[in-house]
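>
There are 2 protein chains.
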Amino acid sequence: MTQKPVVVVGGGNGARAFAGHLSLKGVPVRLLSSFPEELKAIKQQGAITVSGTVEGQGKVQVCGDDFAAISDATLILVVVPAFAHASIARSLAPYLRNGQIIILNPGRTGGALEFSQVLKDEKCPAKVCVAEAQTLLYACRSEGSTGVRINGIKKEVAVAAFPAVETQTVLNELTKYFPQFKPVPSVLHTDLMNIGAVFHPTTVLLNAGRIEGGEKFEFYRDGMTPAVTAALEQVDKERCAIAKTLDIPILSALEWLESVYGVQAASLREGLINNPAYQGIAAPTTLNVRYLFEDIPTGLIPFISLGKLAGVPTPTCQAVVELACAALSHNFWEKGRTVEKLGLTNMTKKELHDYLLHGEK
Amino acid sequence: MTQKPVVVVGGGNGARAFAGHLSLKGVPVRLLSSFPEELKAIKQQGAITVSGTVEGQGKVQVCGDDFAAISDATLILVVVPAFAHASIARSLAPYLRNGQIIILNPGRTGGALEFSQVLKDEKCPAKVCVAEAQTLLYACRSEGSTGVRINGIKKEVAVAAFPAVETQTVLNELTKYFPQFKPVPSVLHTDLMNIGAVFHPTTVLLNAGRIEGGEKFEFYRDGMTPAVTAALEQVDKERCAIAKTLDIPILSALEWLESVYGVQAASLREGLINNPAYQGIAAPTTLNVRYLFEDIPTGLIPFISLGKLAGVPTPTCQAVVELACAALSHNFWEKGRTVEKLGLTNMTKKELHDYLLHGEK
Numbered sequence: 000m001t002q003k004p005v006v007v008v009g010g011g012n013g014a015r016a017f018a019g020h021l022s023l024k025g026v027p028v029r030l031l032s033s034f035p036e037e038l039k040a041i042k043q044q045g046a047i048t049v050s051g052t053v054e055g056q057g058k059v060q061v062c063g064d065d066f067a068a069i070s071d072a073t074l075i076l077v078v079v080p081a082f083a084h085a086s087i088a089r090s091l092a093p094y095l096r097n098g099q100i101i102i103l104n105p106g107r108t109g110g111a112l113e114f115s116q117v118l119k120d121e122k123c124p125a126k127v128c129v130a131e132a133q134t135l136l137y138a139c140r141s142e143g144s145t146g147v148r149i150n151g152i153k154k155e156v157a158v159a160a161f162p163a164v165e166t167q168t169v170l171n172e173l174t175k176y177f178p179q180f181k182p183v184p185s186v187l188h189t190d191l192m193n194i195g196a197v198f199h200p201t202t203v204l205l206n207a208g209r210i211e212g213g214e215k216f217e218f219y220r221d222g223m224t225p226a227v228t229a230a231l232e233q234v235d236k237e238r239c240a241i242a243k244t245l246d247i248p249i250l251s252a253l254e255w256l257e258s259v260y261g262v263q264a265a266s267l268r269e270g271l272i273n274n275p276a277y278q279g280i281a282a283p284t285t286l287n288v289r290y291l292f293e294d295i296p297t298g299l300i301p302f303i304s305l306g307k308l309a310g311v312p313t314p315t316c317q318a319v320v321e322l323a324c325a326a327l328s329h330n331f332w333e334k335g336r337t338v339e340k341l342g343l344t345n346m347t348k349k350e351l352h353d354y355l356l357h358g359e360k
Numbered sequence: 000m001t002q003k004p005v006v007v008v009g010g011g012n013g014a015r016a017f018a019g020h021l022s023l024k025g026v027p028v029r030l031l032s033s034f035p036e037e038l039k040a041i042k043q044q045g046a047i048t049v050s051g052t053v054e055g056q057g058k059v060q061v062c063g064d065d066f067a068a069i070s071d072a073t074l075i076l077v078v079v080p081a082f083a084h085a086s087i088a089r090s091l092a093p094y095l096r097n098g099q100i101i102i103l104n105p106g107r108t109g110g111a112l113e114f115s116q117v118l119k120d121e122k123c124p125a126k127v128c129v130a131e132a133q134t135l136l137y138a139c140r141s142e143g144s145t146g147v148r149i150n151g152i153k154k155e156v157a158v159a160a161f162p163a164v165e166t167q168t169v170l171n172e173l174t175k176y177f178p179q180f181k182p183v184p185s186v187l188h189t190d191l192m193n194i195g196a197v198f199h200p201t202t203v204l205l206n207a208g209r210i211e212g213g214e215k216f217e218f219y220r221d222g223m224t225p226a227v228t229a230a231l232e233q234v235d236k237e238r239c240a241i242a243k244t245l246d247i248p249i250l251s252a253l254e255w256l257e258s259v260y261g262v263q264a265a266s267l268r269e270g271l272i273n274n275p276a277y278q279g280i281a282a283p284t285t286l287n288v289r290y291l292f293e294d295i296p297t298g299l300i301p302f303i304s305l306g307k308l309a310g311v312p313t314p315t316c317q318a319v320v321e322l323a324c325a326a327l328s329h330n331f332w333e334k335g336r337t338v339e340k341l342g343l344t345n346m347t348k349k350e351l352h353d354y355l356l357h358g359e360k
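Chains A and B are the protein sequences, given in the same order. Read in order, the letters of the first sequence correspond to residues 0 to 360 in numbering that gives the first Met the number 0. Read in order, the letters of the second sequence correspond to residues 0 to 360 in numbering that gives the first Met the number 0.
In structure tokens:
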């Protein structure tokens with residue numbers, strides 16, 4: 000048990016789970032958010048009420064929006080929607096110190112690269128290490144204004160640092176608290192394993208009438224009709240083709256279902272419908288959801304942009320984004336992560352791999 | 000009353016209505032189809048049973064698949080799905096004679112141009128006139144194997160010939176039978192007024208999960224949710240922008256609803272939902288429908304191709320087509336009407352207008 004504080008940035012499901020869990024492990028925890036009102040009740044109570052797999056009152060040492068509180072921590076866990084990563088990077092930049100480690104939980108596609116690029120743009124002088132997890136460690140849901148229910152803790156979560164030469168340093172620190180994190184060769188491995196970007200936006204869009212019509216249905220069991228899963232397969236093929244061209248070995252969505260959930264299925268549709276872990280998951284009841292507003296700008300759009308860099312066509316991903324723009328009357332392209340925003344403009348494959356490894360072009 | 004036979008090509012709702020109605024007007028009618036089995040029962044009975052607005056037994060003089068029967072007719076009404084126009088052109092080519100008039104009911108986008116181009120490619124020596132109607136004259140449905148119910152006859156249907164200098168000749172012949180047809184300046188006017196291409200494919204796609212899920216709902220009242228109609232508005236904007244750039248004055252979808260149905264509405268959504276004529280129209284129960292398989296290749300794809308010719312971006316139309324390809328596992332592009340298939344490759348606006356008027360580049 001270390002007495003050094005760990006900072007958790009965020010206030011939602013995942014942030015509460017990390018903060019509460021760490022505190023129950025005896026770690027001094029500081030919980031910070033750009034939206035202090037979301038932490039108000041936790042601040043008053045001085046603790047997070049954790050239930051489920053882990054139970055207890057997880058005390059919080061510092062709670063608020065003063066990012067100066069990060070200064071004496073080594074580990075900073077950022078647990079916010081991916082579209083907020085850039086803004087958090089700008090908020091943290093003035094307070095960062097050499098040697099600090101920032102982990103995005105999860106990074107979605109391009110989290111660590113974008114975060115690093117914003118720190119550069121902000122001329123942050125500190126030499127920090129930015130890493131990203133491939134998925135959230137917890138299956139959890141906020142309860143009331145101060146609680147979180149942890150339904151499960153994943154056995155393994157892939158993590159990569161940017162630059163990748165720092166991944167071992169990150170692991171050394173991170174595994175003091177969480178043995179579940181396992182290294183992958185570079186952030187492009189976590190970036191291209193953004194399975195939510197495959198499953199969510201296309202399914203929401205092809206079920207848009209049903210969602211807005213107020214029908215209650217299960218996202219996976221009912222929403223995954225033959226046409227929907229045929230479209231998902233195309234999105235997934237485009238993702239896998241990009242990875243292959245960039246020499247990043249990844250799993251197809253079907254392989255991923257087997258690897259994570261042990262689902263054995265002849266087709267993606269069968270796998271999604273029959274996955275016991277997906278039973279009972281309700282479809283969204285509005286189109287104003289992270290399945291679109293997070294997974295498009297920090298999933299499909301960086302897929303498309305990486306596709307252009309790799310010379311791999313992504314017509315289906317593009318169609319989903321463009322039709323979402325029309326249907327939601329929202330320009331998703333504007334805030335989408337592109338290779339320019341990730342600092343990868345015009346790189347050759349060799350330059351890209353060198354950059355991912357060493358952080359220099 | 001003329002004793003010259005009129006040929007109707009087709010065997011479905013519209014073809015039965017035209018053939019039956021003409022016959023009841025005392026016109027000798029020949030009904031031809033590439034699929035003679037669809038005419039078998041009518042051939043046996045020797046007549047079409049017409050009910051509704053018009054009633055009676057409409058005798059059919061000739062019924063079958065021998066296209067030689069067109070030779071002594073002046074007027075040939077082609078009443079088949081638009082994706083079959085090219086194939087009908089190839090079937091008719093060997094039998095056509097100078098001065099014959101072929102009317103596509105309706106042409107959708109590019110019908111007359113494609114038909115003419117196929118006749119050229121087939122080296123058809125006859126000088127014929129090809130025209131297209133903007134919509135089907137009748138609101139009708141087949142009944143049983145020999146019947147058709149005519150629920151309504153439109154008061155006005157726009158028609159244009161290719162080349163446009165022949166439109167008056169077409170009108171002179173056509174109005175002997177049907178006073179409802181009114182001339183418009185060129186086939187691009189009928190082509191760009193393909194409202195089905197605006198309303199149908201996008202709505203089917205954004206309701207795909209619901210349709211495949213087996214939900215019964217009304218296409219217009221229930222299917223036109225805010226996101227769906229927002230997307231329709233973008234498709235319609237793209238169509239109107241092409242028309243504007245090509246100097247073709249057309250109505251927006253909302254203006255069209257007012258002009259045809261007298262619907263006064265503040266938004267396209269309100270107009271669609273409140274149009275009394277659209278009440279009770281059931282959504283399709285499968286994705287294997289003409290709303291996709293006709294309206295994409297002979298509607299959205301020629302919009303996109305004309306957009307390229309005009310330098311007008313059509314991102315939403317393209318997204319709908321591309322996502323339909325993925326969802327239906329079908330390459331809609333392959334059989335789609337492009338400016339190349341319409342004989343308009345690389346034309347400037349002036350060349351295009353000259354060609355539409357005179358049929359020569």
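Just so you know, even glycine gets a beta-carbon here, dropped at the ideal spot from N, CA and C.
Would you say Val78(B) and Gln99(B) are within 8 Å of each other, going by their C-beta atoms?
Against a cut-off of 8 Å, the Cβ pair of Gln99(B) and Val78(B) comes out as no contact.
> Between which two residues does the alpha helix (DSSP H) holding Gln167(B) run?
Here the alpha helix (DSSP H) through Gln167(B) covers 166-173.
> Do three or more CB pairs link the segment 147-165 of chain A to the segment 129-136 of chain A at distances below 8 Å?
Touching, yes.
> Counting C-beta neighbours from all protein chains within 10 Å, is the total for Phe180(A) 16 or more, i.e. buried, or is it exposed?
Buried, since its Cβ has 16 or more Cβ neighbours within 10 Å.
> For the structure I just gave you, are there three or more beta carbon pairs, one from the segment 251-263 of chain B and one from the segment 211-224 of chain B, closer than 8 Å?
These segments do not touch.
> Are the C-beta of Asn330(B) and some C-beta of chain A separated by less than 8 Å?
Asn330(B) does not count as touching chain A.
> If I measure Cβ to Cβ from Ala323(B) and keep anything under 8 Å in the same chain, skipping five residues before and after, which residues do I get?
Closer than 8 Å at Cβ, skipping near neighbours: Pro200, Leu204, Leu291, Ile295, His329, Phe331.
> Just mark Gly143(A) as buried or exposed, buried being the case when its beta carbon has 16 or more other beta carbons within 10 Å.
Looking at its Cβ environment, which holds fewer than 16 other Cβ atoms inside 10 Å, Gly143(A) is exposed.
> Can at least three beta-carbon pairs, one atom from the segment 238-250 of chain A and one from the segment 181-188 of chain A, be found at a separation below 8 Å?
They touch, by the three-pair rule.
> Flag this pair as yes or no: are the beta carbons of Leu118(B) and Ala92(B) separated by less than 8 Å?
A contact, by the Cβ cut-off of 8 Å.
> Is Gln278(A) close to chain B? Criterion is C-beta to C-beta, closer than 8 Å.
Chain B contact via Cβ: absent.
> Rank Val164(B), Pro225(B), Ala85(B) by C-alpha distance to the C-alpha of Asp120(B) and give the top, closest one.
Answer by Cα proximity: Ala85(B).
> For Phe161(B), list the residues DSSP reports as bridge partners.
The partner list for Phe161(B) (beta bridge, DSSP) reads Val129(B).
> Can you tell me whether Thr73(A) is helix, strand or coil according to DSSP?
Thr73(A) falls in the coil class under three-state DSSP.
> I'd like to know if Asn287(A) contacts chain B, where contact means its C-beta is closer than 8 Å to some C-beta of that chain.
Not an interface residue.
> Using the Cα positions of Gly25(A) and Thr202(B), report the straight-line distance between them to the nearest angstrom.
Near 55 Å, if we compare the C-alpha coordinates of Thr202(B) and Gly25(A).
> Would you identify the three-state DSSP class for Ser258(A), choosing helix, strand or coil?
Helix, per DSSP.
> List the residues of chain A whose Cβ lies closer than 8 Å to the Cβ of Arg209(B), in chain order.
What Arg209(B) touches in chain A: Asn206, Gly208, Arg209, Gly212, Glu214.
> DSSP three-state call for Val79(B): helix, strand or coil?
Coil.
> Given that a residue counts as buried once 16 or more other Cβ atoms are within 10 Å of its Cβ, and exposed if not, what is Gly45(A)?
Result: exposed.
> Quick check: the Cα distance between Tyr260(A) and Val227(B), rounded to an integer number of angstroms?
About 35 Å.
> What are the boundary residues of the beta strand (DSSP E) that includes Arg336(A)?
Per DSSP, Arg336(A) belongs to no beta strand (DSSP E) and is neither H nor E.
> Please decide whether Pro225(A) counts as near chain B, where near means a Cβ-Cβ distance under 8 Å.
Yes, Pro225(A) lies at the interface with chain B (some Cβ there is under 8 Å from its Cβ).
> Output yes if chain B places a C-beta closer than 8 Å to the C-beta of Leu343(A); else output no.
Chain B, which has no Cβ nearer than 8 Å to the Cβ of Leu343(A), makes this no.
> Along the chain, where does the beta strand (DSSP E) containing Pro182(A) start, and where does it finish?
Pro182(A) -> beta strand (DSSP E) spans 180-182.
> Looking at the secondary structure, which residues open and close the beta strand (DSSP E) in which Leu31(A) lies?
Per DSSP, Leu31(A) belongs to the beta strand (DSSP E) from 28-31.
> Gln60(B) by DSSP, collapsed to three states: which one?
DSSP places Gln60(B) in coil when its eight states are reduced to three.
> So if I threshold CB-CB distances at 9 Å, which residues from the segment 307-337 of chain B count as touching chain A?
For the segment 307-337 of chain B, which is checked against every Cβ of chain A, the residues closer than 9 Å are Pro314, Thr315, Gln317, Ala318, Val319, Val320, Glu321, Leu322, Ala323, Cys324, Ala325, Ala326, Leu327, Ser328.
> When the Cα atoms are used, what is the spatial distance from Ile101(B) to Pro4(B)?
Rounded to whole angstroms, Ile101(B) to Pro4(B) spans 14 Å at the Cα level.
> In chain B, what lies closer than 8 Å to Ala229(A) by C-beta?
Within 8 Å Cβ-Cβ: Ala325, Ala326, Leu327, Ser328.
> Does the distance from the C-beta atom of Phe216(B) to that of Ala276(B) stay below 8 Å?
The answer is no: Cβ separation not under 8 Å.
> Which of helix, strand or coil does DSSP assign to Leu364(B)?
The requested residue 364(B) does not occur in the structure, where chain B is confined to residues 0 to 360.
> In the DSSP assignment, find the beta strand (DSSP E) that holds Ser328(A) and state where it starts and stops.
It is not in any beta strand (DSSP E) - Ser328(A) carries neither H nor E in the DSSP assignment.
> Who pairs with Arg140(A) in a beta bridge, going by DSSP?
According to DSSP, Arg140(A) bridges with Arg148(A).
> Go through its chain and collect everything with a Cβ distance to Cys62(A)'s Cβ below 7 Å, but skip five positions before and after it.
Leu30, Leu38, Ile41, Lys42.
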